[in-house]
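**Student:** Take a look at this one; I'll ask things after.
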Amino acid sequence: MFEDFEVVSCYTRANAIADGVLIDVTERACQVGFKLPTVVTATVWSSIIGMGNAEIESLRLTAFLARCCSEAIYSIKQRPNARRVNFSYGDDNLPVSSMHNVIIDIGPGDNAEPVLTIMFPCDD
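Given below as structure tokens:
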């Protein structure tokens, strides 16, 4: 049925990382307990990072990812078949001080492998 159709354009996860739409945080995410390739959207990144102090930014990112991991583990225990974890995150030390609704989405990567994307609802 679809043999007659030609793919005109394909924007992959790798393209989004190369373009800066997604930021790869896999190494740091593995340090706090994630086991899958992990990215955050540019809007999540800019709300966590941006004060200009690399040490503080690194601590903020680590704390944020640790919270995401904790929420994901809790949600998986409650709903083992869930594809998404939704939770609120707030930190008075962030550039934008307020609560943020956050989504952790597990989905297929460019080669159908499981990957994580951490985003705000507006990024979906």
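No gaps in the numbering here: position 44 of the sequence shown is 1187 in this note's numbering, and each next residue is one more. Backbone N, C-alpha and C fix where the C-beta goes; we use that ideal spot for every residue, glycine too. Here the structure is a predicted model, which means the values were calculated and not measured.
#1: Relative to the C-alpha of A1255, which residue among I1219, L1179, R1222 is closest?
#2: Can you give, in chain order, each stretch of the alpha helix (DSSP H) that sits fully within the region 1157–1239 and has at least 4 residues?
#3: Since Y1232 and R1210 should fall inside the 8 Å C-beta cutoff, what is the C-beta to C-beta distance between them, to a whole number of angstroms?
#4: Going by the CB atoms, is the gap between V1168 and L1208 shorter than 8 Å?
#5: In chain order, what residues of the same chain lie with their CB nearer than 6 Å to the CB of G1176, ignoring the 5 residues before and after it?
#6: What's the gap between the Cα of P1251 and the Cα of N1224?
#7: Check D1248 in the structure and name its three-state DSSP category.
#8: Anyone know if the C-beta pair for T1186 and D1248 falls short of 8 Å?
#9: Under DSSP, the beta strand (DSSP E) around P1257 begins and ends at which residues?
#10: Is H1243 near S1189, with beta carbons less than 8 Å apart?
#11: Would I1192 pass as a contact of E1200 if the rule is Cβ separation under 8 Å?
#12: T1205: which of R1226, R1171, S1218, T1184 sits nearest, CA to CA?
**Tutor:** On the basis of the data shown:
#1: L1179
#2: 1169–1174, 1185–1191, 1197–1221
#3: 6 Å
#4: yes
#5: C1212
#6: 15 Å
#7: strand
#8: no
#9: 1257–1262
#10: no
#11: yes
#12: R1171
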